[in-house]
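J.: The structure's right below; bear with me while I get my questions together.
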Amino acid sequence: MSAIRYAVEDIPRRRFLELGLKGGLALAAAPSLLSCAKKGRAPAKPELALEDLDKVIARALVQGGEFAEVYVEHRISRSILLEEGKFKSAVFGISQGAGVRVISGDKTGYAYSDEISMDKLLRAAEVASTVARGAAAGKPVPIKEEKRPSFITVAVPLQTVADEKRLEIMQRAHDAALAYDPRIKMASIDYYDEVRGRTIANSEGLCLRDELPLLFFVIQTLGVGNGTSHMGRERLSRHSGLEMFDELKPEDAARAAARESIVMLEAKDAPAGKMDVVMQNGWGGVLVHEAVGHPLEGDNIARETGVFVGKLGQLVASEKFTMVDDGTLPCFRGTTNFDDEGTEMKRNVLIQDGVLVKFMTDILSAKQIKMERTGNGRRESFRNIPIVRMTNTFIDKGTDKPADILASTKSGLYVQALSGGSVNPTDGVFNFTCREAYLIEDGKKTAPVKGATLIGNCLDVIRGIDAVGDDLDFGPGICGKGQSAEVSAGQPTVRIRGINVGGSRARTR
Amino acid sequence: MDNTALAEATIKTCLKKGADAAEVYLETSRNLSFEVRKGEVETVEEAAGVGAGIRVFVKGRMAFSSSNDLGEKALNDAVGRAIAFARITTSDPANVLPDDKGVTEVAGLYDPEIAGIPLDRKIELAKAAEKLAMKDPRITKSDGARYQEAEGEITIANSNGLSKSYRAGGCGFSVSVVAEKGDQKSSGGESCSRRFFADLKTAEEVAAKAARDAYEALDPRPVKTQQAPVIFSTDVARALLGGILGAVDGERVLQGASFLAKRMGEQIGSELITLVDDGTRPKGLGSEPFDGEGVPTEKRTIVEKGILRGFLYNTIVAARAGVKSTGNASRGGFTSLPGIGPHNFTMAAGAAKLEDIIRATPSGLLLKEVTGYGINPVNGNFSGGASGFWIENGRIAFPVKGLTIAGTADAMLNGIDMVADDLDPDRAMAAPSFRIRLLQIGGE
Numbered sequence: 078m079s080a081i082r083y084a085v086e087d088i089p090r091r092r093f094l095e096l097g098l099k100g101g102l103a104l105a106a107a108p109s110l111l112s113c114a115k116k117g118r119a120p121a122k123p124e125l126a127l128e129d130l131d132k133v134i135a136r137a138l139v140q141g142g143e144f145a146e147v148y149v150e151h152r153i154s155r156s157i158l159l160e161e162g163k164f165k166s167a168v169f170g171i172s173q174g175a176g177v178r179v180i181s182g183d184k185t186g187y188a189y190s191d192e193i194s195m196d197k198l199l200r201a202a203e204v205a206s207t208v209a210r211g212a213a214a215g216k217p218v219p220i221k222e223e224k225r226p227s228f229i230t231v232a233v234p235l236q237t238v239a240d241e242k243r244l245e246i247m248q249r250a251h252d253a254a255l256a257y258d259p260r261i262k263m264a265s266i267d268y269y270d271e272v273r274g275r276t277i278a279n280s281e282g283l284c285l286r287d288e289l290p291l292l293f294f295v296i297q298t299l300g301v302g303n304g305t306s307h308m309g310r311e312r313l314s315r316h317s318g319l320e321m322f323d324e325l326k327p328e329d330a331a332r333a334a335a336r337e338s339i340v341m342l343e344a345k346d347a348p349a350g351k352m353d354v355v356m357q358n359g360w361g362g363v364l365v366h367e368a369v370g371h372p373l374e375g376d377n378i379a380r381e382t383g384v385f386v387g388k389l390g391q392l393v394a395s396e397k398f399t400m401v402d403d404g405t406l407p408c409f410r411g412t413t414n415f416d417d418e419g420t421e422m423k424r425n426v427l428i429q430d431g432v433l434v435k436f437m438t439d440i441l442s443a444k445q446i447k448m449e450r451t452g453n454g455r456r457e458s459f460r461n462i463p464i465v466r467m468t469n470t471f472i473d474k475g476t477d478k479p480a481d482i483l484a485s486t487k488s489g490l491y492v493q494a495l496s497g498g499s500v501n502p503t504d505g506v507f508n509f510t511c512r513e514a515y516l517i518e519d520g521k522k523t524a525p526v527k528g529a530t531l532i533g534n535c536l537d538v539i540r541g542i543d544a545v546g547d548d549l550d551f552g553p554g555i556c557g558k559g560q561s562a563e564v565s566a567g568q569p570t571v572r573i574r575g576i577n578v579g580g581s582r583a584r585t586r
Numbered sequence: 221m222d223n224t225a226l227a228e229a230t231i232k233t234c235l236k237k238g239a240d241a242a243e244v245y246l247e248t249s250r251n252l253s254f255e256v257r258k259g260e261v262e263t264v265e266e267a268a269g270v271g272a273g274i275r276v277f278v279k280g281r282m283a284f285s286s287s288n289d290l291g292e293k294a295l296n297d298a299v300g301r302a303i304a305f306a307r308i309t310t311s312d313p314a315n316v317l318p319d320d321k322g323v324t325e326v327a328g329l330y331d332p333e334i335a336g337i338p339l340d341r342k343i344e345l346a347k348a349a350e351k352l353a354m355k356d357p358r359i360t361k362s363d364g365a366r367y368q369e370a371e372g373e374i375t376i377a378n379s380n381g382l383s384k385s386y387r388a389g390g391c392g393f394s395v396s397v398v399a400e401k402g403d404q405k406s407s408g409g410e411s412c413s414r415r416f417f418a419d420l421k422t423a424e425e426v427a428a429k430a431a432r433d434a435y436e437a438l439d440p441r442p443v444k445t446q447q448a449p450v451i452f453s454t455d456v457a458r459a460l461l462g463g464i465l466g467a468v469d470g471e472r473v474l475q476g477a478s479f480l481a482k483r484m485g486e487q488i489g490s491e492l493i494t495l496v497d498d499g500t501r502p503k504g505l506g507s508e509p510f511d512g513e514g515v516p517t518e519k520r521t522i523v524e525k526g527i528l529r530g531f532l533y534n535t536i537v538a539a540r541a542g543v544k545s546t547g548n549a550s551r552g553g554f555t556s557l558p559g560i561g562p563h564n565f566t567m568a569a570g571a572a573k574l575e576d577i578i579r580a581t582p583s584g585l586l587l588k589e590v591t592g593y594g595i596n597p598v599n600g601n602f603s604g605g606a607s608g609f610w611i612e613n614g615r616i617a618f619p620v621k622g623l624t625i626a627g628t629a630d631a632m633l634n635g636i637d638m639v640a641d642d643l644d645p646d647r648a649m650a651a652p653s654f655r656i657r658l659l660q661i662g663g664e
């Protein structure tokens with residue numbers, strides 16, 4: 078079955094293509110030809126004059142259509158791998174390109190070019206405009222450059238950092254991981270940074286330019302012992318300069334990954350069947366990102382396929398449950414100053430005390446479902462159309478004490494860390510794989526158990542949340558929905574009653 | 221300048237600027253995709269692109285840079301960036317490039333007709349798929365039909381005198397629909413991809429499968445947590461094959477991060493399992509005349525009647541392991557270094573009919589969808605979400621949803637006791653239906 082499925086990837090970037098259990102349109106023509114929309118690229122900044130952008134927008138609307146947009150992007154990226162004690166590779170990427178989009182009713186035309194010249198942009202505008210042939214033509218408003226508030230601060234710009242500094246940070250993480258325990262046999266440190274410059278101009282008169290730095294630091298550690306192996310992982314990521322590592326120490330992250338590797342060597346078979354689940358604060362919020370966030374994206378609401386269609390204003394979850402998507406959290410991985418359509422970022426409360434109050438939108442779906450633009454129109458690169466995506470998505474904090482939540486759970490599963498998972502946004506059935514989980518026996522965390530799957534229906538889960546802690550925390554991740562996007566997910570410690578856990582051991586009690 | 225000349229000239233630049241060895245990977249491509257919903261074209265995307273990936277070696281240190289601007293200045297800049305970056309990596313005697321000038325003849329990778337087929341005919345195909353999938357009254361919503369095509373040329377040259385190129389293309393279409401009954405929603409989708417437009421399945425066939433997957437899953441019933449036989453249908457081949465692929469990756473094997481690392485030549489599963497990786501299959505979606513760094517592709521047996529026979533290697537990992545590259549260098553496009561990946565990776569068909577396997581199963585699960593990451597290549601643990609049909613008394617009794625299945629690779633591979641004859645060789649990663657004697661199922 079190849080129903081549409083949105084997933085959070087758990088696979089290191091460089092192995093994404095080889096191993097990804099991806100759903101969606103399974104088109105594997107020449108694999109490498111179809112996958113040219115990957116990360117990493119961009120050189121000397123091409124600056125287009127405002128009147129040039131105006132000309133392209135006007136050309137895009139010549140045949141008809143109510144909205145046209147030019148998106149220009151340049152990206153410079155560095156990726157360095159330290160593995161098995163060696164700096165195995167260093168990858169430098171430069172890319173640039175521009176895309177022109179035309180919206181006419183429900184129709185969208187898109188064309189892009191790797192080359193940023195008036196010639197190519199006008200040609201892209203013509204190609205994109207063919208969908209609007211015969212429709213009434215909107216009159217573009219002349220663009221004017223604007224400034225927006227910034228949610229991203231940079232103390233040590235990535236462009237000014239010597240490569241030796243990057244290596245030193247990686248080496249510190251590597252050494253800390255191996256020093257943690259002799260059973261750590263290998264550490265893999267994946268360093269990635271990029272600076273993405275954007276120019277967005279549209280027929281509503283908008284013109285914005287900015288530059289976004291991004292850091293992504295992934296540590297994986299291989300623990301071997303007790304007749305098994307476990308790959309532990311920790312990730313650090315922010316839209317920030319290199320000062321991120323002053324606050325988030327590479328050694329601490331490495332030790333966290335190593336700790337997981339060692340603990341899980343003792344893991345027993347997980348139980349199978351329905352049980353209560355306590356989820357520790359942090360990246361576990363990815364469960365609601367998948368299970369609830371994706372179905373709340375305006376595109377599937379406009380298509381009337383999503384599980385929340387027609388439920389606006391209704392009580393859909395436990396009254397303890399408030400869910401927020403907030404693209405303004407300072408320097409977070411899911412934060413930008415404005416989305417890839419130029420809409421200002423904001424804090425969007427989606428479910429308030431159990432009541433569904435808002436869907437996330439991009440320009441097209443906001444028009445289709447007649448809701449405000451929420452700043453969720455994002456794209457992987459100039460090669461992609463913006464679509465509705467989450468930013469930093471979380472369960473808001475409650476008032477319960479995490480220790481009480483655990484102590485009041487007689488038996489069940491304590492999930493300390495999740496890998497990733499996916500959801501079918503139509504029926505709301507989601508699945509997650511635990512990275513680190515423990516049995517709960519008599520209100521206490523006991524033996525670690527092997528990576529079990531959690532599965533359920535999104536509506537059952539948010540109705541089944543009966544305790545919400547006061548310890549909100551976040552973690553960084555990659556979200557896949559045809560395109561990949563950097564996101565954060567967060568939650569306080571929560572308890573969910575009656576989730577189906579996919580272990581390999583039949584429960585004896 | 222054609223791409224081969226450009227690649228060779230760029231290698232000269234690398235050597236002149238201080239590289240001891242260099243490789244240039246050039247890609248030119250053209251893409252078209254569109255989506256149809258409710259009988260109207262909703263989205264059209266069209267583009268052409270170029271890109272170069274430049275790998276350099278300086279005193280045994282490796283670095284890489286990429287650019288999507290093939291102008292002289294941009295390429296010179298990219299070469300300079302790569303050479304500067306090679307300062308910081310670790311020298312390794314295994315950092316070598318291939319020199320095999322051979323090319324495997326693979327027929328049918330490029331359909332010269334695709335580009336010339338009128339857009340309207342392609343739109344009609346997608347529209348027909350959507351309309352036919354909506355025909356059944358149980359199908360209430362369309363999630364759209366998509367068509368996509370891509371073609372291009374890949375050129376690889378290196379300082380060992382290797383210089384090769386080939387053209388390839390492909391096209392495909394898919395449709396997704398929703399069946400509703402009361403409060404229930406159930407989605408179904410199907411796709412078909414081929415090298416040649418004329419080889420695509422009919423809209424009827426693809427639409428019927430999408431609709432059937434959606435409405436047949438309505439009215440699921442719960443089942444108890446239990447151990448039972450599980451039949452993997454051809455739709456879920458990936459759940460088994462993906463983890464094995466990760467575990468036979470030569471780099472993971474070297475790192476000890478594979479549950480198969482020390483099992484070469486041993487019986488790792490049932491005699492009914494034979495796995496082949498074939499880069500040479502005519503018209504194969506995973507076929508290519510040479511791999512991502514120019515090594516000729518072959519057809520290799522990875523598991524023969526349950527015995528582990530081979531791992532997958534690219535040139536550098538092979539040099540570290542003291543073996544020859546198996547032609548499994550894979551590229552994620554021009555922006556990344558070659559990794560390790562399969563071509564057409566399939567499990568050999570068996571002799572049984574799927575109906576007979578169902579009939580031979582008094583009570584058990586017929587899997588239509590498995591979610592999650594499949595088998596963990598590091599330790600062989602497996603756990604996933606599952607849906608499909610429950611079998612009672614050798615017949616399909618009712619649909620099931622929201623179950624879990626779990627076990628270990630060892631138990632799964634050894635537990636395969638029946639294999640069907642229904643392998644679809646047109647998929648790049650495929651297995652026939654097969655039964656695993658007993659797996660833990662999580663339900664009520």
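Residue numbers (our numbering), protein chains in the order written: chain A, 78 to 586; chain B, 221 to 664. Where a beta carbon is used, it is the ideal one built from N, C-alpha and C, also for glycine.
(1) Counting only runs that start and end within the stretch 293–369 of chain A, where is the beta strand (DSSP E) found for 3 or more residues in a row?
(2) Proline 440 of chain B: which of A/Val506, A/Ala514 and A/Gly575 sits nearest, CA to CA?
(3) Inspect the CB distances between the stretch 604–615 of chain B and the stretch 579–591 of chain B and report whether three or more fall short of 8 Å.
(4) Indicate the three-state DSSP secondary structure (helix, strand or coil) for leucine 252 of chain B in the structure shown.
(5) What is the rounded straight-line gap between the Cα of alanine 376 of chain A and the Cα of valine 465 of chain A?
(6) For the stretch 478–488 of chain A against the stretch 515–532 of chain A, do three or more pairs of beta-carbon atoms, one drawn from each stretch, fall closer than 8 Å, so that the two count as touching?
(7) Under 8 Å Cβ to Cβ from phenylalanine 509 of chain A, same chain only, skipping five residues before and after it: list those, please.
(8) Run through DSSP, which three-state label would leucine 127 of chain A get?
(9) Run the CB neighbour count on asparagine 534 of chain B, radius 10 Å, all protein chains shown included, and call it buried at 16 or more, exposed below.
(10) Lysine 522 of chain A by DSSP, collapsed to three states: which one?
(11) Contact check, alanine 629 of chain B vs threonine 454 of chain B under 8 Å by CB: the rounded distance?
(12) Determine the extent of the beta strand (DSSP E) in which alanine 617 of chain B is found, giving its start and end residues.
(13) From the DSSP output, in three-state form, read off arginine 136 of chain A for me.
(14) To test your reading of the DSSP string, which unbroken beta strand (DSSP E) runs of 3 or more residues are found completely within the stretch 560–590 of chain B?
(15) Ends of the beta strand (DSSP E) at arginine 387 of chain B?
(16) Need the endpoints of the alpha helix (DSSP H) that glutamine 475 of chain B sits in, please.
(17) If the criterion is Cβ atoms closer than 8 Å, does the pair aspartate 346 of chain A and arginine 512 of chain A meet it?
(18) Using three-state DSSP, classify aspartate 270 of chain A as helix, strand or coil.
(19) In the DSSP assignment, the alpha helix (DSSP H) including threonine 233 of chain B goes from what residue to what residue?
(20) Per the contact definition of three or more C-beta pairs closer than 8 Å, is the stretch 421–437 of chain A in contact with the stretch 391–398 of chain A?
(21) Candidates A/Leu483, A/Glu161, A/Glu160 and A/Val208: which alpha carbon is nearest asparagine 358 of chain A's?
(22) Can you find a CB in chain B that lies within less than 8 Å of the CB of tyrosine 515 of chain A?
(23) Would you mind reading off the limits of the beta strand (DSSP E) that contains alanine 145 of chain A?
(24) CB-CB under 6 Å to lysine 342 of chain B, same chain, minus the five flanking residues each way: which ones, in chain order?
(25) Cβ of glycine 579 of chain A within 8 Å of Cβ of glycine 594 of chain B?
(26) How many Å lie between isoleucine 376 of chain B and glutamate 513 of chain B at the Cα?
(27) From the DSSP output, which residues share a beta bridge with aspartate 331 of chain B?
(28) Output needed in chain order: residues of the stretch 222–254 of chain A with a Cβ under 9 Å from some Cβ in chain B.
(29) Would you be able to state if there are at least three C-beta pairs under 8 Å between the stretch 469–476 of chain A and the stretch 533–551 of chain A?
(30) Please go through the same chain and pick out, in chain order, the residues whose beta-carbon is closer than 6 Å to the beta-carbon of phenylalanine 305 of chain B, but skip the five residues on each side of it.
(31) Residues of the stretch 506–535 of chain B in Cβ contact with chain A at a cutoff of 8 Å, in chain order, please.
(32) Check whether the stretch 329–344 of chain B and the stretch 535–548 of chain B touch, using three or more Cβ-Cβ pairs below 8 Å as the test.
(33) Closer than 8 Å by beta-carbon distance: list the chain B residues that pair up with glutamine 173 of chain A, in chain order.
T.: If we stick to the structure as given:
(1) Runs of the beta strand (DSSP E) inside the stretch 293–369 of chain A: 305–315 and 348–356.
(2) Walking along the second sequence from the start, residue 440 of chain B turns up at place 220. Taking each of A/Val506, A/Ala514 and A/Gly575 in turn and checking the Cα distance to proline 440 of chain B, the smallest one comes out for A/Val506.
(3) Below 8 Å, enough C-beta pairs join the stretch 604–615 of chain B and the stretch 579–591 of chain B to call them touching: three or more.
(4) On the second sequence, position 32 is the one that residue 252 of chain B refers to. Look at leucine 252 of chain B here: in three-state DSSP terms it is strand.
(5) The residue labelled residue 376 of chain A in the question sits at position 299 within the first sequence. The residue labelled residue 465 of chain A in the question sits at position 388 within the first sequence. Reading off the sequence, residue 376 of chain A comes out as aspartate, not alanine. Distance between the alpha carbons of aspartate 376 of chain A and valine 465 of chain A is about 7 Å.
(6) These segments touch.
(7) Residue numbering aside, residue 509 of chain A sits at position 432 when the first sequence is read from its first letter. Closer than 8 Å at the Cβ level, and outside the excluded window around phenylalanine 509 of chain A, lie Val363, Leu364, Glu367, Leu495, Ser496, Gly497, Gly498, Thr530, Leu531 and Ile532.
(8) Here residue 127 of chain A refers to the residue found at position 50 of the first sequence. Helix.
(9) In the second sequence, residue 534 of chain B corresponds to position 314, counting from 1. Around the beta carbon of asparagine 534 of chain B, a 10 Å sphere encloses 16 or more other beta carbons of the protein chains shown; the residue is thus reported as buried.
(10) Stepping through the first sequence from its first residue, residue 522 of chain A is reached at position 445. Three-state DSSP puts lysine 522 of chain A in a strand.
(11) Position 409 of the second sequence, counted from the first residue, corresponds to residue 629 of chain B. Position 234 of the second sequence, counted from the first residue, corresponds to residue 454 of chain B. A Cβ-Cβ separation of about 20 Å leaves alanine 629 of chain B out of contact with threonine 454 of chain B under the 8 Å criterion.
(12) As a working mapping, residue 617 of chain B is identified with position 397 in the second sequence. 615–628 is the extent of the beta strand (DSSP E) around alanine 617 of chain B.
(13) The count along the first sequence starts at 1 and reaches residue 136 of chain A at position 59. It is helical.
(14) Counting whole runs of 3 or more residues, the stretch 560–590 of chain B contains the beta strand (DSSP E) stretches 564–567.
(15) Your numbering for residue 387 of chain B matches position 167 in the second sequence. Looking at the DSSP string, the run of the beta strand (DSSP E) that includes arginine 387 of chain B is 383–401.
(16) By 1-based counting over the second sequence, the position of residue 475 of chain B is 255. Unbroken alpha helix (DSSP H) run through glutamine 475 of chain B: 470–475.
(17) In the first sequence, the residue the question calls residue 346 of chain A occupies position 269. In the first sequence, the residue the question calls residue 512 of chain A occupies position 435. In this structure, aspartate 346 of chain A keeps its C-beta atom at 8 Å or more from the C-beta atom of arginine 512 of chain A.
(18) Numbered from its first residue, the first sequence carries residue 270 of chain A at position 193. Aspartate 270 of chain A: strand per DSSP, three-state reduction.
(19) Numbered from its first residue, the second sequence carries residue 233 of chain B at position 13. Judged by DSSP secondary structure, threonine 233 of chain B falls within the alpha helix (DSSP H) whose first and last residues are 223–236.
(20) A contact exists between the stretch 391–398 of chain A and the stretch 421–437 of chain A.
(21) What you label residue 358 of chain A is simply residue 281 of the first sequence in a count that begins at 1. Looking at the Cα atoms, A/Leu483 is the closest of the given residues.
(22) Translated into the one-based positions of the first sequence, residue 515 of chain A becomes position 438. False, the Cβ-Cβ gap to chain B never drops below 8 Å.
(23) As a first step, residue 145 of chain A must be located in the first sequence, where it is residue number 68. Start and end: 144–160.
(24) Taking the first residue of the second sequence as position 1, residue 342 of chain B is located at position 122. Answer for lysine 342 of chain B: Tyr367, listed in chain order.
(25) Here the question's residue 579 of chain A lines up with position 502 in the first sequence. Here the question's residue 594 of chain B lines up with position 374 in the second sequence. No, they are not a contact pair.
(26) As a working mapping, residue 376 of chain B is identified with position 156 in the second sequence. As a working mapping, residue 513 of chain B is identified with position 293 in the second sequence. Between isoleucine 376 of chain B and glutamate 513 of chain B, the alpha-carbon positions lie close to 7 Å from each other.
(27) For the purposes of this step, residue 331 of chain B is identified with residue 111 of the second sequence, where counting begins at 1. According to the DSSP secondary-structure assignment, aspartate 331 of chain B is paired through a beta bridge with no residue.
(28) Near chain B, meaning a CB-to-CB distance below 9 Å, the residues of the stretch 222–254 of chain A are Asp240, Glu241, Arg243 and Leu244.
(29) Touching, yes.
(30) For the purposes of this step, residue 305 of chain B is taken as the residue at position 85 of the second sequence. Sequence-distant partners of phenylalanine 305 of chain B (beyond 5 residues in either direction) whose C-beta falls short of 6 Å from its own C-beta, in its chain, are Ala283.
(31) For the stretch 506–535 of chain B, which is checked against every Cβ of chain A, the residues closer than 8 Å are Gly506, Glu508 and Gly512.
(32) Cβ pair count under 8 Å is below three, so no.
(33) Mapped onto the first sequence, residue 173 of chain A falls at position 96. Scanning chain B for C-beta atoms nearer than 8 Å to the C-beta of glutamine 173 of chain A yields Asn288 and Asp289, reported in chain order.
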